[in-house]
Structures are given as C-alpha cells and as structure tokens.
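In what follows, a structure is listed as structure tokens, so that the remarks can point back to it.
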Amino acid sequence: MIIYKFEHEGNVYIGSTKNYKTRCFAHNQHKKQPRHNKTKFYQYCLEHNIYDIRPYCKIVEEVDDVYDKIFLKNLEQDYLDEIKPNLNMVRAIRRKKNKI
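Going by the numbering used here, the sequence shown wraps up at 276, each residue one higher than the last.
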C-alpha cells in the first residue's frame, strides 16, 4: 500500500494506491478523458502541460504485507488532514466525529 504526493510549483495532490506504477499510468490516461479532466488535479496538469505525472510524484509512505482498503483510505486521510493539498477535491474517507 502506498501513499504518494504529486507536487508542482507549490501545488499538491495526495493519493493512495495498491500499485504505484499502474496508478501513475491511470492518472496519465485519465487526463485525456473528458469525464476525468474536470477535476482540479487533471485541470492543473492540462493547464501546465504535464503529460506525465511521474517526475512530480514521490512515495511518502509504503506499508508492506498489508492490504486493507479502509486502512489505506484512513492513512491517506491522515495525510490530507496534515498537508491540506490544494488539488484534492474530496476526502479519502468519511470519519465519524466523536461526540462528547
């Protein structure tokens, strides 16, 4: 399980994946599809002529030997809460608020 960060000129996107190479390929393909290129991330890449995101991405955390989608989404949300990236549009996971 991998948490990755795209960063270009101070603009940041946080994502998570089970397979980093496949996810980067999918991001590059999605920019070409009208239904995907409405997101902030893909619009940003298109406006800045970024056709391959790999040079701007880095793995920020890798957890081996475990694949639990809920765990991965919670970990991604921790990074979203900490870094506050401007290119993500939605939360990774909805968390219940503790009521006191």
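Glycine residues also receive a C-beta, built at the ideal position from the N, C-alpha and C atoms.
Query                                                                                                                           : Result
Between the Cα of Val236 and those of Gly186, Thr193, Thr215, spot the shortest distance and give me the residue it belongs to. : Thr193
Which residue wins for smallest C-alpha separation from Pro261, given the options Ile190, Asp244, Phe201, Tyr220?               : Ile190
Roughly how many angstroms separate the alpha carbons of Glu185 and Asp244, rounded to a whole number?                          : 33 Å
Where DSSP assigns a beta bridge to Val188, which residues make up the other side?                                              : Glu183
Expressed to the nearest angstrom, what Euclidean distance is found between the alpha-carbon atoms of Tyr255 and Asp228?        : 23 Å
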